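Asks: I have a structure I would like to understand better, so I am pasting it below and will then ask my questions one at a time.
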Amino acid sequence: MKVEFAPINIPLKRRIQTVAVLQWIFSFLLLAEFCCGFFVILILGNFWFLAVLYLLWLYLDWETPCTGGRRSQWVRSWTVWKYFREYFPIHLIKTSDLSPNHNYLLGFHPHGVLVAGAFGNFCTGPSFKNLFPGLTPYLHIMPIWFGCPFFREYIMSAGMVSASKESVSYVLNNEGGGHASIIVIGGAEESLNAHPGSLTLNILKRKGFIKMALKHGAHLVPVFSFGENELFKQVANPKGSWLRNVQERLQKIMGFALPLFHARGVFQYSFGLIPYRQPIHTVVGSPIPVKRNLNPTTEEIEQLHALYLQKLRKLFEEHKRNYGIPEHKSLIFE
1248 MKVEFAPINI PLKRRIQTVA VLQWIFSFLL LAEFCCGFFV ILILGNFWFL
1298 AVLYLLWLYL DWETPCTGGR RSQWVRSWTV WKYFREYFPI HLIKTSDLSP
1348 NHNYLLGFHP HGVLVAGAFG NFCTGPSFKN LFPGLTPYLH IMPIWFGCPF
1398 FREYIMSAGM VSASKESVSY VLNNEGGGHA SIIVIGGAEE SLNAHPGSLT
1448 LNILKRKGFI KMALKHGAHL VPVFSFGENE LFKQVANPKG SWLRNVQERL
1498 QKIMGFALPL FHARGVFQYS FGLIPYRQPI HTVVGSPIPV KRNLNPTTEE
1548 IEQLHALYLQ KLRKLFEEHK RNYGIPEHKS LIFE
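Residue 1581, in this note's numbering, is where the sequence shown stops; the numbers in between run on with no holes.
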């Protein structure tokens, strides 16, 4: 394989952007393991008493990821996130006002490999606050990550909370409104479809978010992130292949998927884990009004789910030309 090296005269700002993304990749893929290893070292070493104190703190603080988390505006405003967003770059596009008098459930699509658009737009920077004043975003992620010592504090500081039913209910149960739950609807399973050009969404069987919206009267908002699947290439894993079967089996056992992805490196463009410089445009659609219904019937859930799919498809069709999607391509719901 011929290696394409990066030019020597690349501007310093672009180098800093690459380092910022490298830091994000490390945080996403290795920081949790590093924190767990550090915790084990504390237990086995001379500072075991610090580990005991942290275990006590963990016991007392265990429910925090399910009760709104513990965000830090200082962490969310780190300069490194500015360079991270500029690397791609990441943009948030508003199509309609969202009144702070209501609570909202934003369905984010597609998952992509590492959900860069969701993190960049809802966990860093002022874009969401500026476009939707009065709303506080909560990005829901898999509960397993909040069991990792120290790492849990880091991700909560960025505004991430558990994706458990209790956590979503806590956010959407704010009587004064002004809360926005962001749920990546396709989940880990959808990351296995994250190939460049893919428009396949795992959503037909995912109706739990619809039920939550009905129970809390939270308005539904479809969100489509154009460019999310273009950041990495993935080893071919068509459905039915041995690789896909192994990945799906592991996903069911562990709760998260293991896509075999690659892109570019730090000093060359031929291979590595650094995402490609592809723009991400996260388009927030218009809200679907939802009346509170504590005991929705199966038929009511199905009707709202069908309406959500209709609005999501309409959002995609209205904006796809702006972001390089061929006219003949449409979303595929599975």
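Glycine included, every Cβ here is placed at the ideal spot set by N, Cα and C. Computed from a predicted model, the values in this text were never measured in an experiment.
#1: Could you check whether the Cβ of Cys1395 sits closer than 8 angstroms to any Cβ belonging to chain C?
#2: Assuming Leu1419 and Asn1368 make a contact with CB atoms under 8 angstroms, what is their CB distance in whole Å?
#3: Ser1533: which of Gln1515, Leu1467, Glu1564 sits nearest, CA to CA?
#4: Using a Cβ-Cβ cutoff of less than 7 angstroms, which residues in the same chain neighbour Leu1451 once the five nearest sequence positions on both sides are dropped?
#5: Apart from the five residues just before and just after Gly1433, which ones in its own chain have a Cβ nearer than 7 angstroms to its Cβ?
#6: Measure from the alpha carbon of Val1408 to the alpha carbon of each residue in Thr1314, Phe1281, Phe1285, then state which is nearest.
#7: Do the segment 1362-1377 and the segment 1473-1490 touch if we need at least three Cβ pairs shorter than 8 angstroms?
#8: Measuring only the C-alpha atoms, how far is Ile1242 from Val1513?
#9: By alpha-carbon positions, which one of Glu1436, Tyr1417, Asn1440 ends up nearest to Ala1427?
#10: Per the DSSP calculation, His1552 is bridged to which residue(s)?
#11: DSSP three-state label for Ser1374, please.
#12: Could you spell out the range, first to last residue, of the beta strand (DSSP E) harbouring Ile1527?
#13: For a minimum of 4 consecutive residues, which ranges assigned as the alpha helix (DSSP H) are wholly contained in the segment 1389-1449?
#14: Considering only the alpha carbon of each residue, which of Asn1293, Val1431, Trp1271 lies closest to Phe1456?
#15: Just to confirm, are Leu1439 and Arg1496 a CB contact at a threshold of 8 angstroms?
#16: Pull up the DSSP beta-bridge partners for Val1470, would you.
#17: His1509 to Ile1500, Cα distance in whole Å?
#18: Are the Cβ atoms of Gly1502 and Met1389 separated by less than 8 angstroms?
Replies: Taking the structure as given:
#1: Considering every chain present, this structure includes no chain C. It has just one protein chain.
#2: Not confirmed; about 20 angstroms, so no contact.
#3: The shortest Cα separation from Ser1533 among Gln1515, Leu1467, Glu1564 belongs to Leu1467.
#4: Phe1580, Glu1581
#5: Counting only Cβ-Cβ distances below 7 angstroms, and skipping sequence neighbours, we find His1356, Pro1357, His1358, Leu1448, Asn1449, Ile1450.
#6: The candidate whose alpha carbon is nearest that of Val1408 is Thr1314.
#7: Cβ pair count under 8 angstroms is three or more, so yes.
#8: There is simply no residue 1242 to check, as the chain begins at 1248 and stops at 1581 in what is shown.
#9: Tyr1417
#10: Residue pairing by DSSP places His1552 in no beta bridge whatsoever.
#11: Correct three-state label for Ser1374: helix.
#12: Per DSSP, Ile1527 belongs to the beta strand (DSSP E) from 1527-1531.
#13: 1398-1404, 1412-1419, 1434-1438
#14: Ranking Asn1293, Val1431, Trp1271 by Cα distance to Phe1456 puts Val1431 first.
#15: no
#16: Phe1355, Val1531
#17: 24 angstroms
#18: Between Gly1502 and Met1389, the C-beta gap is smaller than 8 angstroms, which places the two residues in contact.
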